[in-house]
Amino acid sequence: MPSTETYRRRLLQEREALLAEVRKKIQGLSAAERVSEDEEAQRLHEDFVHLRLSLLDAERLRLVNEALDRIEVGDYGICMNCEQPIPAKRLEAVPWTRYCVRCQEELDSNPQSDGEEFLQAWRNLALP
Ligand SMILES: [Zn+2]
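Residues 13 to 140 in our numbering are what the sequence shown spells out, letter by letter.
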């Protein structure tokens, strides 16, 4: 079974990659540029797509940061719902996961506040 240090390193790598990705996408937003109306519509659509992708990255980033916090306090690898250890196989696949597979499936089949989660992720997105 890999040590917590292994997961920590992977999470830090993931965080770097996500930050780079989000910055790139935000910079890709075309607000500052003057373009024709036809192009404008196309750009707006692209912005929208960019924004949605950025939000997904932001949400992932939040989970990665949370996982790193849990490593700090020694809670890492424990399901936040049933408080059972999360199998190493799952942690290796998704090191930022909060839940074991069973709980995740339960939560996925019962989505409550997806929009709210997105908004929260967006607010937490601390960019320079
Ligand atoms: Zn669980």
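All C-beta atoms, glycine included, are put in the ideal place defined by N, C-alpha and C.
Near ligand 1: residue i beta-carbon under 7 Å from a heavy atom
i	result
Arg64	no
Asn3	Missing from the structure shown is residue 3; the chain here goes from 13 to 140 and no further.
Tyr88	no
Gln54	no
Tyr111	yes
Leu114	The sequence shown places Arg at residue 114, rather than the Leu named in the question. Arg114: yes, Cβ under 7 Å from ligand 1.
Gln96	yes
C-beta atoms of residue i and residue j nearer than 8 Å
i	j	result
Leu80	Arg20	yes
Pro107	Leu23	yes
Pro102	Cys115	Here residue 102 is Arg; the residue named in the question, Pro, does not match the sequence. Not in contact: Arg102 and Cys115 (Cβ atoms no closer than 8 Å).
Leu75	Arg35	no
Thr18	Tyr88	no
Arg27	Asn77	yes
Beta-carbon separation (whole angstroms), residue i vs residue j, contact threshold 8 Å
i	j	result
Leu65	Lys37	6 Å
* Asked: Between the segment 52-69 and the segment 83-94, do at least 3 Cβ pairs fall closer than 8 Å?
  -> no
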